[in-house]
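To start, the structure under review is shown below, and the notes come after it.
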Amino acid sequence: MSNYSYYSKRLLHQLRKDNNKYADFLINMVEAEIIFYKKSQPFNSRILKNAYWRLDNLKLFKRRIDLYYDILEEE
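Put into structure tokens, the structure is as follows:
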């Protein structure tokens with residue numbers, strides 16, 4: 000049973016790490032998109048508002064991932 004517990008915790012840690020990397024990648028992509036839109040279309044507020052909305056949602060998604068894995072690690 001201890002081997003199962005060890006490997007499940009190790010797998011859980013790896014999944015958390017991979018999901019955080021993916022979330023960081025998506026956040027960086029949206030931040031780059033915001034910089035691009037600010038330079039190329041500074042007066043198109045609809046596009047910028049949409050990009051900032053996606054950025055906020057991705058940051059919330061990353062926070063939810065951390066909370067979810069914290070709960071799983073406690074069990």
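Under numbering that gives the first Met the number 0, the first residue of the sequence shown is numbered 0, with each subsequent residue one higher.
Virtual Cβ for every residue (Gly too), placed ideally from N, Cα, C.
Bear in mind that the values here come from a model prediction, so they are computed numbers and not experimental data.
Rounded separation between residue i and residue j - CA only
i, j, result
"Leu57", "Ser4", "31 angstroms"
"Phe60", "Ala22", "8 angstroms"
CB of residue i within 8 angstroms of CB of residue j, strictly
i, j, result
"Leu71", "Leu11", "yes"
"Ile33", "Leu54", "yes"
"Leu25", "Lys37", "no"
"Arg15", "Tyr68", "yes"
"Asn27", "Ile64", "no"
Helix, strand or coil at residue i [DSSP, three-state]
i, result
"Phe35", "helix"
"Met0", "Residue confidence for Met0 is low, a pLDDT of 48 falling below 50, so the modelled location carries little weight and cannot support an answer."
"Phe60", "helix"
"Asn49", "helix"
"Asn18", "helix"
Among the options, nearest to residue i - alpha-carbon criterion
i, options, result
"Asn49", "Val29, Ser7, Gln13", "Val29"
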